[in-house]
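Under the numbering used here, think of the first position of the sequence shown as 1, with each following residue one higher.
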Amino acid sequence: MEKNLLQANAQSLVDCEGEHHELDISPGYLIMIDGQPCTLELDEQTKDIRFFGNQCSVRCTAKALWYALAGEQARPTAQEAGVFIAEGLLLSERLRQWRQVLENSSRQTLSLLEQELPKLPLPHARLDPFTEELLARCPDRVSPEQLHTLVCVLGRSASDIHTWLENRGKLVAWLACTEPPETAAQEALGSFQKTKDVPAQEAVPRSTAETEQELPAKRPTFRWTAETIAQLKAAYRQQSHQSDRTVDEQAQAIASLYDWPWQSVRYKIFQLHLTTTEQQANEQGTIALTPGAFLWDVKVDGALQRWALDYPYGHCAFEPGTLCIYRDQTYQLEHVNNSQLVVTRVESPDQPLQPDVQEPSLMEAIRASA
Numbered sequence: 001m002e003k004n005l006l007q008a009n010a011q012s013l014v015d016c017e018g019e020h021h022e023l024d025i026s027p028g029y030l031i032m033i034d035g036q037p038c039t040l041e042l043d044e045q046t047k048d049i050r051f052f053g054n055q056c057s058v059r060c061t062a063k064a065l066w067y068a069l070a071g072e073q074a075r076p077t078a079q080e081a082g083v084f085i086a087e088g089l090l091l092s093e094r095l096r097q098w099r100q101v102l103e104n105s106s107r108q109t110l111s112l113l114e115q116e117l118p119k120l121p122l123p124h125a126r127l128d129p130f131t132e133e134l135l136a137r138c139p140d141r142v143s144p145e146q147l148h149t150l151v152c153v154l155g156r157s158a159s160d161i162h163t164w165l166e167n168r169g170k171l172v173a174w175l176a177c178t179e180p181p182e183t184a185a186q187e188a189l190g191s192f193q194k195t196k197d198v199p200a201q202e203a204v205p206r207s208t209a210e211t212e213q214e215l216p217a218k219r220p221t222f223r224w225t226a227e228t229i230a231q232l233k234a235a236y237r238q239q240s241h242q243s244d245r246t247v248d249e250q251a252q253a254i255a256s257l258y259d260w261p262w263q264s265v266r267y268k269i270f271q272l273h274l275t276t277t278e279q280q281a282n283e284q285g286t287i288a289l290t291p292g293a294f295l296w297d298v299k300v301d302g303a304l305q306r307w308a309l310d311y312p313y314g315h316c317a318f319e320p321g322t323l324c325i326y327r328d329q330t331y332q333l334e335h336v337n338n339s340q341l342v343v344t345r346v347e348s349p350d351q352p353l354q355p356d357v358q359e360p361s362l363m364e365a366i367r368a369s370a
């Protein structure tokens with residue numbers, strides 16, 4: 001047999017089920033079954049050959065493949081068998097070389113990409129547009145009062161908001177220390193040098209009693225009792241006639257009078273609902289709403305407005321039906337929510353109707369609280 005079996009013309013291949021298929025192998029070793037390109041695989045157990053492609057799947061024995069290429073009467077010689085083995089080894093060696101070339105090229109390409117591509121920054125947390133705009137409009141130095149207002153408006157902890165401000169290059173102006181850190185460090189260094197210059201035999205340890213006398217006395221922990229609560233109510237009742245003062249100012253005045261922490265006094269005022277007692281009402285039985293830094297959503301006759309009041313969210317304990325005054329206009333309270341009020345305008349014959357006034361913006365309310 002002198003012909004090249006792998007480049008023979010189309011032959012008839014009989015599969016395992018006895019059906020005939022047209023087998024053709026092109027000069028480029030492209031296998032065609034019934035005119036469809038396909039590839040083949042060898043079953044290691046049965047030694048059967050399976051041709052498969054997108055639209056064909058044919059299974060035949062190795063003997064049927066030989067008969068389709070060489071004929072049923074042909075028998076291979078030792079020369080032809082050696083050529084088949086050599087061609088198979090040659091194809092295997094070429095595949096190994098191509099595999100090695102592809103691995104080297106992929107490795108070099110990856111190293112070049114790592115050198116040329118720019119380093120991408122690490123992802124950071126993105127906030128909603130309202131929070132981003134609010135933080136951007138804050139000044140470079142944020143006061144503790146403004147930080148407290150941000151906590152109430154955004155509903156997040158002070159540590160989270162402080163971290164957001166630091167990431168945007170803003171500082172929080174905390175309360176200054178009574179003694180600068182530099183002065184304290186210099187004094188500590190000077191005392192250490194004096195102690196170092198004294199000989200060891202002259203250094204006498206001081207007693208514990210002397211050390212305790214030099215330490216400043218600790219301020220006792222403040223706790224509310226029945227007597228202090230009665231004093232708070234009496235003091236607030238005396239200052240309730242000053243309607244132009246905010247709750248913070250009244251709390252600071254009471255705290256300085258009794259040497260109490262003013263934050264505890266302010267919290268207790270809202271906890272006892274002293275801002276809604278009868279001492280704040282005038283002769284007509286109305287309550288004057290105190291302006292402040294907390295923005296409340298107020299529906300006035302169905303129209304939504306925003307009022308800056310001095311009542312923290314959730315601490316406005318007015319009862320429905322209460323008459324209140326805001327910006328020289330009388331309203332009747334219909335509903336109280338956590339941060340929303342529903343009121344109706346009360347027209348008085350001796351009080352002209354006031355036009356709606358543009359409410360201050362959020363940042364103006366924050367600056368006003370500073």
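Where is the CB? At the ideal position from N, CA and C, for every residue including glycine.
(message) Would you call the segment 220-237 in contact with the segment 252-265, where contact means no fewer than 3 C-beta pairs closer than 8 angstroms?
(response) With three or more CB-CB distances shorter than 8 angstroms, the segment 220-237 counts as touching the segment 252-265.
(request) State the Cα-Cα distance for the pair Arg107 and Leu117, rounded to the nearest angstrom. (result) Annotation: Arg107 to Leu117 spans about 16 angstroms, alpha carbon to alpha carbon.
(message) Counting C-beta neighbours from all protein chains within 10 Å, is the total for Ala308 16 or more, i.e. buried, or is it exposed?
(response) Answer is buried; the Cβ neighbour count reaches 16.
(message) Could you tell me the alpha carbon to alpha carbon distance between Gly35 and Glu93, rounded to whole angstroms?
(response) Cα to Cα, the separation comes out at about 29 angstroms.
(message) If I measure Cβ to Cβ from Gly88 and keep anything under 7 angstroms in the same chain, skipping five residues before and after, which residues do I get?
(response) Around Gly88: no qualifying Cβ.
(message) Distance check for Val342 and Val336, CA to CA, integer angstroms please.
(response) For Val336 and Val342, the distance between alpha carbons rounds to 7 angstroms.
(message) Less than 7 angstroms between C-beta atoms, sequence neighbours within five positions excluded: which residues of the same chain meet that for Thr131?
(response) Answer for Thr131: Leu154, listed in chain order.
(message) Buried or exposed, going by whether 16 or more other CB atoms sit within 10 Å of the CB of Trp98?
(response) Trp98 should be labelled exposed.
(request) Just grab the DSSP bridge partners of Leu323 for me. (result) Thr286 and Gln332, per the DSSP bridge assignment.
(message) I'd like to know if the segment 259-266 and the segment 292-304 are in contact, where contact means that at least 3 CB-CB pairs between them fall below 8 angstroms.
(response) With a cut-off of 8 angstroms on Cβ pairs, the segment 259-266 is not in contact with the segment 292-304, counting fewer than three such pairs.
(message) My assumption, with CB atoms under 8 angstroms, is that Phe371 sits in contact with Ser159. Please give the rounded CB distance.
(response) Nothing about residue 371 can be read from this structure; the chain reaches only from 1 to 370.
(message) On the DSSP bridge list, what partners appear for Leu171?
(response) Leu171 is bridged to Arg141.
(message) If you follow the alpha helix (DSSP H) that Ala251 is in, where does it begin and where does it stop?
(response) Unbroken alpha helix (DSSP H) run through Ala251: Val247 to Tyr258.
(request) Have a look at Leu165, Thr61 and Leu274 and flag the residue whose alpha-carbon is nearest the alpha-carbon of Pro144. (result) Considering only alpha carbons, the answer is Leu165.
(request) For Ala184, count neighbouring Cβ atoms within 10 angstroms of its own Cβ and tell me buried if that reaches 16, exposed if not. (result) For Ala184, the predicted structure reports a pLDDT of 44, less than 50, and the residue's modelled location is therefore unreliable. The matter cannot be settled from this model.
(request) Sort out for me which residues DSSP pairs Ser12 with in a bridge. (result) For Ser12, which the question treats as bridged, DSSP gives the partners Glu22.
(message) Taking the beta carbon of Gln329 as the centre, do at least 16 other beta carbons fall within 10 Å, making it buried, or is it exposed?
(response) Classification for Gln329: buried.
(request) Return the chain-ordered list of same chain residues with a C-beta closer than 8 angstroms to the C-beta of Leu13, the five sequence neighbours on each side being excluded. (result) For Leu13, where only same-chain residues beyond five positions count, the Cβ hits under 8 angstroms are His20, His21, Glu22, Leu23, Ile33, Val58, Cys60, Ala64, Leu65 and Ala68.
(message) Using 8 angstroms as the threshold, is the C-beta distance between Phe318 and Leu333 below it?
(response) For Phe318 and Leu333, yes; Cβs fall inside 8 angstroms.
(message) Here's the rule I'm using: 16 or more other beta-carbon atoms within 10 Å means buried, otherwise exposed. How should Phe84 be labelled?
(response) In the assembly as shown, Phe84 is an exposed residue. Its beta-carbon has fewer than 16 other beta-carbons within 10 Å.
(request) Grab the span of the beta strand (DSSP E) containing Leu42 for me, first residue to last. (result) For Leu42, the enclosing beta strand (DSSP E) covers residues Gln36 to Leu42.
(message) Which residues does DSSP list as the beta-bridge partners of Cys60?
(response) Cys60 is bridged to Ile49.
(request) Would you mind listing the beta strand (DSSP E) stretches within the segment 71-95 that are 3+ residues and don't spill past its ends, in chain order? (result) With a minimum length of 3 residues, no continuous beta strand (DSSP E) run stays inside the segment 71-95.
(message) The beta strand (DSSP E) that contains Phe294, what's its start and end?
(response) Where Phe294 is concerned, the enclosing beta strand (DSSP E) stretches over Pro291 to Val300.
(request) In the DSSP assignment, find the unbroken beta strand (DSSP E) run with Val342 in it and report its ends. (result) For Val342, the enclosing beta strand (DSSP E) has its first and last residue at Gln340 to Arg345.
(message) Checking the sheet assignment: what are the DSSP bridge partners for Gln305?
(response) Paired residue(s): Val298.
(request) Can you have a look at Tyr29 and say buried or exposed, based on whether 16 or more other CB atoms are within 10 angstroms of its CB? (result) Burial call: exposed.
(message) Please tell me whether Val153 has its Cβ less than 8 angstroms away from any Cβ of chain D.
(response) This model lacks chain D altogether, as it is built from one protein chain only.
(request) Would you kindly work out how many angstroms separate the C-alpha atoms of Cys316 and Lys119, rounded to a whole number? (result) Using only the alpha carbons, I get a separation of about 53 angstroms.
(message) Looking at Lys47: is its Cβ nearer than 8 angstroms to the Cβ of Ala62?
(response) Contact flag set, yes.
(message) What does the alpha-carbon distance come out to for the pair Thr109 and Gln115?
(response) Distance between the alpha carbons of Thr109 and Gln115: 10 angstroms.
(request) Pick out whichever of Gly53, Asp43, Asp297 and Gly321 has its Cα sitting closest to the Cα of Tyr313. (result) Taking only the C-alpha atoms, the option nearest Tyr313 is Asp297.
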